[in-house]
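Residue numbers (the numbering used here), protein chains in the order written: chain A, 275 to 465; chain B, 4 to 204; chain C, 29 to 223. To start, the structure itself, in structure tokens.
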Amino acid sequence: MNAVSTGPIAGEDRQPEKKWRRRSLVALAILLPLTLAETSNDSLREWLHGEDLIARDVDFGQAVPFGGSDWKLADLRGGKAGRLPDHAFAVIATFSVKIGDPDLQKQWLGCKLMLTDAAGRRWLPDAISGVSLPAGVMSCTSAIFSSARKGDTITIGDTFIVPEDAVKTIRPAVGLGSERPWFLRFQRPPK
Amino acid sequence: MRIRILGNLVILASTVALSYGMQVSKPHYADLTAPIPVDGAMRDTVRARSFDVRLDKVVFARALKTNQFGQERSLTTSGLWAVVSTNLTATAASTTVAEGTWQGPTGLRYHQTERLGYRQDMPPHGVDPGLEKRGLFVFEIPPDQIRGASLLIAARQFAPLDAQARISLDGVPTSADGQPADVLPEFDLDAPQAHTPQGKS
Amino acid sequence: MFRTARSKVQTWITAGAGTIAALFVAGLMGAFGAMPAHAPPQLPLDAAIDAGRWRVQPVRAYVSHARTYGVLLKPGQKALVLEADMTNRTAQSDKAYFDVFKPDAITLPDPMPTIALIRDSTLTPELHPGMTERMAYVWPLAGDAAVPASLSFGVTAEIFKPRDNLYGMPGWFNPYRLGTITLPVADVPAPGTGS
Chain A
275 MNAVSTGPIA GEDRQPEKKW RRRSLVALAI LLPLTLAETS NDSLREWLHG EDLIARDVDF
335 GQAVPFGGSD WKLADLRGGK AGRLPDHAFA VIATFSVKIG DPDLQKQWLG CKLMLTDAAG
395 RRWLPDAISG VSLPAGVMSC TSAIFSSARK GDTITIGDTF IVPEDAVKTI RPAVGLGSER
455 PWFLRFQRPP K
Chain B
4 MRIRILGNLV ILASTVALSY GMQVSKPHYA DLTAPIPVDG AMRDTVRARS FDVRLDKVVF
64 ARALKTNQFG QERSLTTSGL WAVVSTNLTA TAASTTVAEG TWQGPTGLRY HQTERLGYRQ
124 DMPPHGVDPG LEKRGLFVFE IPPDQIRGAS LLIAARQFAP LDAQARISLD GVPTSADGQP
184 ADVLPEFDLD APQAHTPQGK S
Chain C
29 MFRTARSKVQ TWITAGAGTI AALFVAGLMG AFGAMPAHAP PQLPLDAAID AGRWRVQPVR
89 AYVSHARTYG VLLKPGQKAL VLEADMTNRT AQSDKAYFDV FKPDAITLPD PMPTIALIRD
149 STLTPELHPG MTERMAYVWP LAGDAAVPAS LSFGVTAEIF KPRDNLYGMP GWFNPYRLGT
209 ITLPVADVPA PGTGS
């Protein structure tokens, strides 16, 4: 290509060509970062919608709209029950949820109940042999398919296994696909 | 004009040379996106990104006894069974540890066996922060792949740039010819072991 | 950029030369492709065959009328079974052995065989480097399909590329027919049922 452009070119052609070269260089400096942003946009969005990153703190007793419904921490209790590893406690967290938008399959997709402690560690629900949820309490996934209607209040909860050293500071949290990267982190009930 | 042509040719030639040099000398895509190894020894706690792992014990056996759907089976192999027991903990959040590979002294990779079907103590292991869990990894290996081998443990099979624990198996006792010092005729996977019970859904 | 007539001509010549070169190379490659290919050779049965990732040693072939190594047959079906010793020649555990054998001159309802480890009837387990295992390839056949007394199987191999052209990753590519094995096919009412 270069060999072609170095052929005899009329003198008046040189000035505009130089100008265009300079413009192209400047355009490159703008276009390259733009392309990078555009191509990584989808991945970034997907990542943000898949992670519980930013906590929204909720006081005990307060109900907060989240994923189209009002969430309130109903109960948090821990103790030695069932078959547990050494130095571990069983914890049951329950929430009472007043359904606003009944399309739970869309709003609550990827629903995740968690426990977090002061150090920021997170526990997902565990099945504990010998411990079952109180009557009338559903897991998040079964609630999605429970065909709850607008205005219903349902109780959602799960069991967790938490080490001894974390039990004092654990706080329940909820993440929903439609609200990520935000998630709710509830204040513990007062003693 | 002649100078310009020559100059351009020189630029072209040096660009080609530079590109070729970079292609030959720079790390390849496979290396750039490979898992990042975290080295450790047997009975040390190795800290990977999402989990900690401690290799407790390696048992060699000619056959494995296992209970599958209420039916007792004895599994044989053309080499040896290596049953590796580990102690696993999650670091920051509940997660799973699914991948074990026995890497021989020359780099041959023996992936964990698929012949045992689903078992509670087999991968994928669900692990929680602050709670220790015993997890088994079972391999079929030829006896000459034991001395100088290492165990690779990762959260997932294809995890570019994620941490991979690489535990040297130098602590495994072998005789002078590299054979393991102790090979059981049969190892019962369901025999009671000293482990902490934990139900994990 | 090319306002003068002369530079225009030069551009056309340069672009044209590239096109002509490309056409020439393509034509050459096509011509080579059209050359009479060597017929894949008949492979010996008494020695192991290096076929890409696998070293294979065929053992026997037969027609089975019952459950074979845990592979269930639909009612009215029979199965063509090929047993072979397989060794993984690569550096890592692998199960890409589905296309290694393919029976010639026989109509298969499903060309994909079910493959079982003869040792304990595990279906399609990974085979590990250097560890030879006897495997059974099971192709279901229609109950009334005619199976000749001697059957040819095509053996397919792949070539190893240390770096592929897209990601620079090592891998096995370009399957080709390595050769043909011919085995007598016995008719067995109920062979090894496995455990």
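Glycine residues also receive a C-beta, built at the ideal position from the N, C-alpha and C atoms.
State the Cα-Cα distance for the pair residue i and residue j, rounded to the nearest angstrom.
| i | j | result |
| --- | --- | --- |
| THR115 of chain C | LEU155 of chain C | 7 Å |
| ALA270 of chain B | LEU387 of chain A | In the structure displayed, chain B extends from 4 to 204; residue 270 of chain B sits before or after that span and is not available. |
| ASN193 of chain C | GLN26 of chain B | 12 Å |
| CYS385 of chain A | ASP124 of chain B | 27 Å |
| SER178 of chain B | LEU110 of chain C | 40 Å |
| LYS252 of chain A | LEU347 of chain A | Lying before the first or after the last residue shown, residue 252 of chain A is absent from chain A, which here runs from 275 to 465. |
| PHE363 of chain A | LEU172 of chain B | 35 Å |
| THR160 of chain C | ALA112 of chain C | 10 Å |
| PRO163 of chain B | TYR121 of chain B | 26 Å |
| LEU211 of chain C | ALA89 of chain C | 7 Å |
| PHE161 of chain B | THR118 of chain C | 19 Å |
| ASP42 of chain B | VAL56 of chain B | 11 Å |
| ARG374 of chain A | VAL441 of chain A | First, the residue type needs correcting, since residue 374 of chain A is Gly and not Arg in the sequence shown. Taking the straight line from one Cα to the other gives about 33 Å. |
Are the C-beta of residue i and some C-beta of chain C separated by less than 8 Å?
| i | result |
| --- | --- |
| ALA66 of chain B | no |
| GLY82 of chain B | yes |
| ILE8 of chain B | no |
| GLY110 of chain B | yes |
| TYR23 of chain B | no |
| TYR121 of chain B | no |
Looking at chain B, is there any beta carbon in it that lies within less than 8 Å of the beta carbon of residue i?
| i | result |
| --- | --- |
| ARG191 of chain C | yes |
| MET197 of chain C | yes |
| ILE41 of chain C | no |
| GLY316 of chain A | Correcting the residue type first, residue 316 of chain A is Asp in the shown sequence and not Gly. So, not an interface residue. |
| ILE435 of chain A | yes |
| ASP333 of chain A | no |
| MET163 of chain C | no |
| THR47 of chain C | no |
| SER121 of chain C | yes |
| THR150 of chain C | yes |
| ASP377 of chain A | no |
| ALA422 of chain A | no |
In chain B, which residues lie less than 8 Å from residue i when you measure between Cβ atoms?
| i | result |
| --- | --- |
| GLY80 of chain C | Those do not exist, as GLY80 of chain C stays about 17 Å from chain B at its closest Cβ, beyond 8 Å. |
| GLY394 of chain A | ALA95 |
| PRO153 of chain C | THR116, GLU117 and ARG118 |
| PRO86 of chain C | None at all; the shortest Cβ gap to chain B is about 18 Å. |
How would you call residue i, buried or exposed, if buried means at least 16 neighbouring beta carbons within 10 angstroms?
| i | result |
| --- | --- |
| LEU192 of chain B | buried |
| GLU3 of chain B | Summary: the structure shown does not reach residue 3 of chain B, with chain B confined to residues 4 through 204, and so no result is reported for it. |
| ILE430 of chain A | buried |
| TYR165 of chain C | buried |
| PRO200 of chain B | Unreliable placement is indicated for PRO200 of chain B, whose pLDDT of 41 sits below 50; the coordinate value is still reported in the next sentence. It counts as exposed. |
| SER22 of chain B | exposed |
| ALA133 of chain C | exposed |
| TYR84 of chain B | Note that residue 84 of chain B is Trp in the sequence shown, not Tyr. Classification for TRP84 of chain B: buried. |
| LYS106 of chain C | buried |
| PHE52 of chain C | exposed |
| LYS130 of chain C | buried |
| GLN336 of chain A | exposed |
| ILE170 of chain B | buried |
| ASN90 of chain B | buried |
| ALA51 of chain B | buried |
| THR48 of chain B | exposed |
| ARG295 of chain A | exposed |
| PRO38 of chain B | buried |
| TRP345 of chain A | buried |
Anything in chain C within Cβ reach of residue i, meaning under 8 Å, just list it in chain order.
| i | result |
| --- | --- |
| TYR32 of chain B | TYR195, GLY196 and MET197 |
Hey, does residue i have any beta-carbon neighbour from chain A nearer than 8 Å?
| i | result |
| --- | --- |
| LEU134 of chain B | yes |
| ASP131 of chain B | yes |
| ASP193 of chain B | no |
Report the neighbours of residue i on chain B: residues whose CB is nearer than 7 Å to its CB, in chain order.
| i | result |
| --- | --- |
| ARG147 of chain C | THR79 |
Name, please, each residue of chain C whose Cβ falls closer than 7 Å to the Cβ of residue i.
| i | result |
| --- | --- |
| GLU143 of chain B | HIS156 and MET159 |
Name the chain A residues whose beta carbon is nearer than 8 Å to that of residue i?
| i | result |
| --- | --- |
| ASP55 of chain B | Going along chain A, no residue has its Cβ under 8 Å from ASP55 of chain B, so there is no contact; the nearest lies around 13 Å. |
So which residues on chain E does residue i lean against when the C-beta distance must stay under 9 Å?
| i | result |
| --- | --- |
| LEU398 of chain A | The structure shown contains no chain E; the protein chains it does contain are A, B and C. |
What residues from chain B crowd round residue i, counting only those whose CB sits closer than 9 Å?
| i | result |
| --- | --- |
| PRO446 of chain A | By Cβ distance, chain B contributes nothing, its closest Cβ being about 14 Å from PRO446 of chain A, past 9 Å. |
Given 8 Å as the limit, is there contact between the region 37–53 of chain C and the region 80–87 of chain C, that is, 3 or more CB pairs closer than that?
Short answer: they don't touch.
Touch check for the region 70–79 of chain B and the region 99–115 of chain B: three-plus C-beta pairs under 8 Å?
Too few Cβ pairs lie closer than 8 Å, so no.
Count the CB pairs spanning the region 300–318 of chain A and the region 404–424 of chain A that are closer than 8 Å, and state whether there are at least three.
The answer is no - the region 404–424 of chain A does not touch the region 300–318 of chain A, with fewer than three Cβ pairs under 8 Å.
Taking contact to mean at least 3 C-beta pairs separated by less than 8 Å, is the region 450–457 of chain A in contact with the region 8–17 of chain B?
The region 450–457 of chain A makes no contact with the region 8–17 of chain B, as fewer than three CB pairs between them are under 8 Å.
Looking at C-beta atoms only, is the number of pairs between the region 162–177 of chain C and the region 145–152 of chain B that lie closer than 8 Å three or more?
Counting Cβ pairs under 8 Å, fewer than three are found: no touch.
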